[in-house]
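**Q**
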Amino acid sequence: MTGGSSGGPWLLNLGVSATPDTGLTYGKVTTRNAIVGVTSWGYNDKGIKIQGASMFATNDEFPNAKYGIRGGGNIGAFVDFACESGWGLQALGYCR
Numbered sequence: 067m068t069g070g071s072s073g074g075p076w077l078l079n080l081g082v083s084a085t086p087d088t089g090l091t092y093g094k095v096t097t098r099n100a101i102v103g104v105t106s107w108g109y110n111d112k113g114i115k116i117q118g119a120s121m122f123a124t125n126d127e128f129p130n131a132k133y134g135i136r137g138g139g140n141i142g143a144f145v146d147f148a149c150e151s152g153w154g155l156q157a158l159g160y161c162r
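Sequential numbering from 67 applies to the sequence shown in this note's numbering.
(1) Could you spell out where the alpha helix (DSSP H) holding Ala-119 opens and where it closes?
(2) By the three-class DSSP mapping on this structure, what secondary structure does Gly-142 have?
(3) Kindly indicate the opening and closing residues of the beta strand (DSSP E) around Val-95.
(4) Do Arg-136 and Asp-146 have their C-beta atoms closer together than 9 Å?
(5) With a threshold of 6 Å on Cβ separation, who are the neighbours of Gly-134 within its own chain once the five nearest residues in sequence on each side are excluded?
(6) Which partner residues of Arg-162 appear in the DSSP bridge assignment?
(7) Any idea what DSSP makes of Ser-151, helix, strand or coil?
(8) What's the C-alpha gap between Pro-129 and Ala-84?
(9) Could you tell me which of Asn-79, Gly-139 and Lys-112 sits nearest to Asn-125, measuring between CA atoms?
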């Protein structure tokens, strides 16, 4: 990925459900097509092929498992602010 990929989703377990081979599992996280972050940085040097993401998760700054009726962590706090108290997007019909 190069310039312009910022904001692109990082997906977990992309695709449709399948039956794993005998003895194999999906691992600890079985949620399908979950967005777990968005691309937020990368190097401009074409020789360095690394990008990073802002992960949607709880952390020291956003420790709650739930913010209002929204989810937890940094993304839950952001969506709660945008939809409710901050920008009031719920009242405008932009939030579910």
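Even glycine gets a Cβ: it sits at the ideal position worked out from N, Cα and C.
**A** Taking the geometry as given:
(1) Taking the first residue of the sequence shown as position 1, residue 119 is located at position 53. Per DSSP, Ala-119 belongs to no alpha helix (DSSP H); it is in the beta strand (DSSP E), 117-121.
(2) Residue 142 sits at position 76 when you count from the first residue of the sequence shown. It is helical.
(3) For this step, residue 95 is matched to residue 29 along the sequence shown. Segment: none, Val-95 is in no beta strand (DSSP E) and carries neither H nor E.
(4) Taking the sequence shown and counting its residues from 1, the one referred to as residue 136 is at position 70. Taking the sequence shown and counting its residues from 1, the one referred to as residue 146 is at position 80. Yes; because the gap between Cβ atoms is below 9 Å, this pair is in contact.
(5) For the purposes of this step, residue 134 is taken as the residue at position 68 of the sequence shown. Around Gly-134: Asp-146 and Glu-150.
(6) By one-based count along the sequence shown, residue 162 stands at place 96. In DSSP, Arg-162 forms no bridge with anything.
(7) Indexing the sequence shown from 1 puts residue 151 at position 85. Helix.
(8) As a first step, residue 129 is located in the sequence shown; it is residue number 63 there, counting from the start. As a first step, residue 84 is located in the sequence shown; it is residue number 18 there, counting from the start. Taking the straight line from one Cα to the other gives about 34 Å.
(9) Against the sequence shown, residue 125 aligns to sequence position 59. That would be Gly-139, whose Cα lies nearest to the Cα of Asn-125.
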